[in-house]
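Let me begin by presenting the structure, written as structure tokens, before commenting on it.
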Amino acid sequence: MEGQNGKTLVMGVIGADVHAVGNQILSFAFREAGFNVINLGVMVSQEEYIEAAIESAADAIVVSSLYGHGELDCQGMRDKCDEAGLKGILLYVGGNIVVGKQDFTEVEKRFHAMGFDRVFGPGTAPEVTIAALKKDLLGEE
Amino acid sequence: MNAALLTDFGSTCTKVTAVDLSAHRILGTAYDFTTVQTDVAHGLDRALQKLKEKTGEIDYQVHLACSSAAGGLRMLSCGLVPSLTAKAAHLAALGAGAKVLKTYAYQLTEEDGEEITRLSPDIFLLTGGTDGGNTEAIVHNARVLASLPGKFPIVIAGNRAAASKCREIIETSDHPALVTENVMPSFNVLNILPAQQLIRDIFLERIIKAKGLTKAAGIMDDIVMPTPSAVMTALQLLSDGVDGKMGLGELMAVDLGGATTDIYSIASGAPGSAATLLSGLPEPYAKRTVEGDIGMRYSARGVVEAAGIQEVARVAGLSADEVERQLLRIDEDKSLLPDCPEMEKLDFALASLAIRTGLLRHAGTVHQVYTPVGPVFQQKGKDLTRVQRLLLTGGALIHSPRMHDMLKAALTIAAPEALIPWHAAPVADAEYILSAMGLLSQKYPEVAFDIMYQTFGKDVH
Chain A
1 MEGQNGKTLV MGVIGADVHA VGNQILSFAF REAGFNVINL GVMVSQEEYI EAAIESAADA
61 IVVSSLYGHG ELDCQGMRDK CDEAGLKGIL LYVGGNIVVG KQDFTEVEKR FHAMGFDRVF
121 GPGTAPEVTI AALKKDLLGE E
Chain B
1 MNAALLTDFG STCTKVTAVD LSAHRILGTA YDFTTVQTDV AHGLDRALQK LKEKTGEIDY
61 QVHLACSSAA GGLRMLSCGL VPSLTAKAAH LAALGAGAKV LKTYAYQLTE EDGEEITRLS
121 PDIFLLTGGT DGGNTEAIVH NARVLASLPG KFPIVIAGNR AAASKCREII ETSDHPALVT
181 ENVMPSFNVL NILPAQQLIR DIFLERIIKA KGLTKAAGIM DDIVMPTPSA VMTALQLLSD
241 GVDGKMGLGE LMAVDLGGAT TDIYSIASGA PGSAATLLSG LPEPYAKRTV EGDIGMRYSA
301 RGVVEAAGIQ EVARVAGLSA DEVERQLLRI DEDKSLLPDC PEMEKLDFAL ASLAIRTGLL
361 RHAGTVHQVY TPVGPVFQQK GKDLTRVQRL LLTGGALIHS PRMHDMLKAA LTIAAPEALI
421 PWHAAPVADA EYILSAMGLL SQKYPEVAFD IMYQTFGKDV H
């Protein structure tokens with residue numbers, strides 16, 4: 001059960017989004033990279049991420065969204081984490097997280113303001129996210 | 001003759017069943033009142049006397065008994081998140097045949113501690129955290145429990161990484177600490193059987209003695225389990241079958257009492273179509289729930305509250321005023337038996353709506369969710385719509401001449417989200433043999449299966 005690097009991730013596709021393929025690929029890549037992965041699959045609510053993170057004492061929550069409604073789905077997530085006692089937990093979000101083609105630096109800013117530590121745009125390779133996780137959780141450069 | 005005597009010390013009745021182990025048939029059944037206040041052997045002796053009048057003198061080779069007398073197995077449980085480990089703990093305790101007084105979540109407070117002392121459970125089930133997950137909550141809760149007076153045993157079935165720490169803390173008190181596997185070793189994975197086994201062991205070793213039930217020990221080889229646990233065992237055997245004999249497959253049972261209603265399902269509850277996604281905690285294949293506010297007499301008002309008085313009146317075919325008039329009579333006399341057409345009609349409605357309420361709370365739900373790729377269905381809990389057979393036990397059910405109508409009224413409901421059976425056929429446990437067969441199955445599963453198959457296995461459609 002335990003991953004080799006001792007860090008636990010809770011991941012899944014948020015909201016009414018049923019894109020399951022990328023979710024499986026990411027889950028596989030994170031496991032291969034040594035993380036203990038709790039994959040909640042698709043159509044995950046904010047509460048489900050948070051409850052899973054509490055029980056498993058997770059180190060990070062990685063939110064995916066591909067259908068464009070991510071901005072609505074992610075609102076208030078950091079506040080709920082704080083409320084649930086997950087103060088300071090690492091929050092990532094990535095995918096097609098907004099409607100249409102928008103300037104990514106603006107999108108990133110809006111999600112940072114919502115309390116997400118890192119924001120990844122469309123087409124991000126799993127290695128990029130893995131490297132960020134290793135830096136943030138294990139101090140690896 | 002090779003014969004077994006099976007005894008069920010119920011809260012009100014002590015029931016005895018004699019079984020011919022060679023011919024695989026029931027020789028006779030009898031019952032009398034449970035006398036746990038004075039000497040439990042008195043009621044048993046009277047029941048045995050009645051049995052002897054039916055069967056003649058028999059030399060029994062096997063004696064087995066179950067008990068729900070003296071309050072049954074009273075438990076409290078706690079977990080971390082309400083929908084995860086707290087729910088797993090609750091399911092584990094119910095599945096072990098316990099009466100679960102309350103389930104706590106997150107950190108226990110001082111007030112919770114006072115309440116736990118007041119409720120004084122037979123066993124406390126302490127859980128929280130997946131293996132390698134959260135340890136703070138369960139360790140905190142172990143400290144709170146260790147500070148409480150009393151000697152009730154505490155079963156530790158939480159995060160593996162915190163188990164020995166919790167045991168150390170609890171061992172500083174008078175409470176025995178017993179460690180077993182985590183009820184949720186990893187996220188959303190239910191592992192409740194080890195905890196259930198430990199609970200049953202404690203029940204045998206300590207609780208039976210503490211409740212004064214060992215006075216009957218002279219004639220009993222052993223009280224082997226709590227009654228609901230015996231019923232669950234019987235249902236599983238009937239569903240699964242024995243070596244070389246096919247069981248009946250998925251089935252459900254309702255035990256309707258005066259104060260509570262027990263619902264059992266032996267079914268996978270998996271979604272019925274590929275377009276349905278399962279969310280939330282996967283529930284056990286053999287699941288038991290207990291509705292403490294639903295029953296025929298002490299909890300008659302609870303049925304009315306759950307279903308609404310208009311619905312009670314509609315199903316009964318009475319006016320709401322008449323329903324209220326009859327309910328007042330029940331309020332005054334909890335042992336009232338139907339003595340007029342109005343009371344018969346009300347009892348029909350109470351039984352029917354008690355079954356409906358119990359099934360609605362036991363079964364899962366399904367909701368349509370609109371997504372950009374089209375509608376999908378999201379299921380929570382068990383899908384029991386395709387269950388074909390529903391066993392009915394409890395006095396109000398098995399003696400009713402209108403059992404089919406009763407179940408039909410229970411299942412006819414305009415709630416498409418409810419995953420209760422669509423058209424299950426009722427099968428009556430007319431001789432109250434379920435708990436006895438659960439006991440018998442401990443040593444003679446094939447005999448128990450054959451008898452149940454003869455009794456409940458008729459083609460239902």
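In the order they appear, the protein sequences are chains A and B. Just so you know, my numbering puts 92 at position 92 of the first sequence, and the rest follows in order with no gaps. Just so you know, my numbering puts 148 at position 148 of the second sequence, and the rest follows in order with no gaps. Virtual Cβ for every residue (Gly too), placed ideally from N, Cα, C.
Worksheet item: Going along chain B in order, which residues have a C-beta closer than 8 Å to the C-beta of Val18/A?
Response: Under the 8 Å cutoff, chain B gives Leu277, Thr371, Val373 and Val376.
Worksheet item: Name the chain B residues that come within less than 9 Å of Met43/A, Cβ to Cβ?
Response: Leu277, Ser279, Val369, Thr371, Val376 and Gln378
Item to complete: Mind listing, in chain order, the continuous beta strand (DSSP E) runs of no fewer than 3 residues lying wholly within the region 344-429 of chain B?
Response: Taking only runs of at least 3 residues, the beta strand (DSSP E) segments lying wholly in the region 344-429 of chain B are 365-371, 374-380, 389-393 and 425-428.
Worksheet item: Considering only residues of the region 35-68 of chain B, which uninterrupted alpha helix (DSSP H) runs meet the minimum length of 4 residues and lie entirely inside it, listed in chain order?
Response: 40-55
Worksheet item: From the DSSP output, which residues share a beta bridge with Asn36/A?
Response: Bridge partners of Asn36/A according to DSSP: Thr8/A.
Item to complete: State the start and end residues of the unbroken beta strand (DSSP E) segment that holds Arg25/B.
Response: Arg25 to Phe33
Practice prompt. Can you grab the Cα-Cα spacing for the pair Ser186/B / Leu193/B, in whole Å?
Written response: Whole-angstrom Cα-Cα distance: 15 Å.
Discussion item. Tell me the DSSP secondary structure of Ala286/B in three-state form.
Written reply: strand
Worksheet item: Would a C-beta distance cut-off of 7 Å place Thr371/B and Val119/A closer than the cut-off?
Response: no
Discussion item. Going by DSSP in three states, Asp136/A sits in which element: helix, strand or coil?
Written reply: helix
Worksheet entry | Candidates Leu5/B, Leu251/B and Thr365/B, of which the one nearest Gly280/B by Cα | Looking at Leu5/B, Leu251/B and Thr365/B, the one whose alpha-carbon comes closest to that of Gly280/B is Thr365/B.
Worksheet item: Since Gly97/B contacts Met232/B with CB under 8 Å, what's their CB separation in whole angstroms?
Response: 7 Å
Item to complete: Check whether the Cβ of Val81/B lies closer than 7 Å to any Cβ atom in chain A.
Response: yes
Fill in: Reduced DSSP category for Thr261/B - H, G, I as helix; E, B as strand; rest coil
DSSP places Thr261/B in the strand class (E or B) of the three-state scheme.
Discussion item. Between Asn134/B and chain A, is the shortest Cβ-Cβ distance under 7 Å, so that the two count as touching?
Written reply: It does: the Cβ of Asn134/B has a partner Cβ on chain A nearer than 7 Å.
Worksheet entry | Three-state secondary structure assigned by DSSP to Pro226/B | Strand.
Worksheet item: Going along chain B, which residues have a C-beta under 7 Å from Ile38/A?
Response: Phe187
Worksheet item: Where Gly95/B and Ala125/A are concerned, what is the direct C-alpha to C-alpha distance, given to the nearest angstrom?
Response: 46 Å
Fill in: Per-residue DSSP class, three states only, for Met1/A
Because the pLDDT at Met1/A is just 47, under 50, the model does not fix this residue reliably, and the value given afterwards should be weighed accordingly. Residue state, collapsed to three classes: coil.
Worksheet item: Helix, strand or coil: which one does DSSP assign to Lys102/B?
Response: strand
Practice prompt. Tell me, to the nearest whole angstrom, how far the beta carbon of Arg118/B is from that of Lys99/B; I am working on the premise that it is less than 8 Å.
Written response: 16 Å between Cβ atoms; not a contact.
Worksheet entry | Identity of the residue in Val81/B, Thr38/B, Ala92/B and Gly56/B nearest Ala488/B by Cα | The first residue shown for chain B is 1 and the last is 461, placing residue 488/B beyond what the model contains.
Discussion item. Using 8 Å for Cβ pairs, my map puts Val62/B next to Ala4/B. What's the rounded Cβ distance?
Written reply: 4 Å
Practice prompt. Spell out whether any CB of chain B is found under 7 Å from the CB atom of Ala52/A.
Written response: yes
Fill in: Neighbouring residues, chain B, relative to Tyr67/A (Cβ below 9 Å)
The contacting residues are Thr371, Pro372 and Val373.
Item to complete: Tell me where the alpha helix (DSSP H) around Cys340/B begins and ends.
Response: Per DSSP, Cys340/B belongs to no alpha helix (DSSP H) and is neither H nor E.
Discussion item. With three or more beta-carbon pairs closer than 8 Å as the criterion, would you say the region 381-400 of chain B touches the region 414-427 of chain B?
Written reply: yes
Worksheet entry | Identity of the residue in Ala320/B, Ser441/B, Asp333/B and Gln368/B nearest Leu346/B by Cα | The shortest CA-to-CA distance from Leu346/B to any of Ala320/B, Ser441/B, Asp333/B and Gln368/B is the one to Ala320/B.
Worksheet item: Does the beta carbon of Ala131/A come closer than 7 Å to any beta carbon on chain E?
Response: The chain labelled as chain E is not found among the protein chains of the depicted structure, namely A and B.
Worksheet item: First and last residue of the beta strand (DSSP E) that includes Val16/B?
Response: Cys13 to Asp20
Worksheet item: Over what stretch of residues does the beta strand (DSSP E) that includes Gly251/B continue unbroken?
Response: Just to set this straight, residue 251/B is Leu in the shown sequence, not Gly. Counting along the chain, the beta strand (DSSP E) containing Leu251/B begins and ends at Leu251 to Leu256.
Fill in: Within-7 Å CB hit, Gly257/B to chain A
Answer no: the Cβ-Cβ gap between Gly257/B and chain A never drops below 7 Å.
Worksheet item: Does the Cβ-Cβ distance between Ala351/B and Met406/B come in under 7 Å?
Response: yes
Fill in: For Phe120/A, the three-state DSSP class (helix, strand or coil)
strand
Worksheet item: Residues of chain B with a CB under 9 Å from the CB of Glu71/A: which are they?
Response: Within chain B, no residue comes near Glu71/A; the closest Cβ sits about 14 Å away, beyond 9 Å.
Worksheet item: Which two residues bound the contiguous beta strand (DSSP E) that contains Ser467/B?
Response: As shown, chain B starts at 1 and ends at 461. That puts residue 467/B outside it, with no answer to give.
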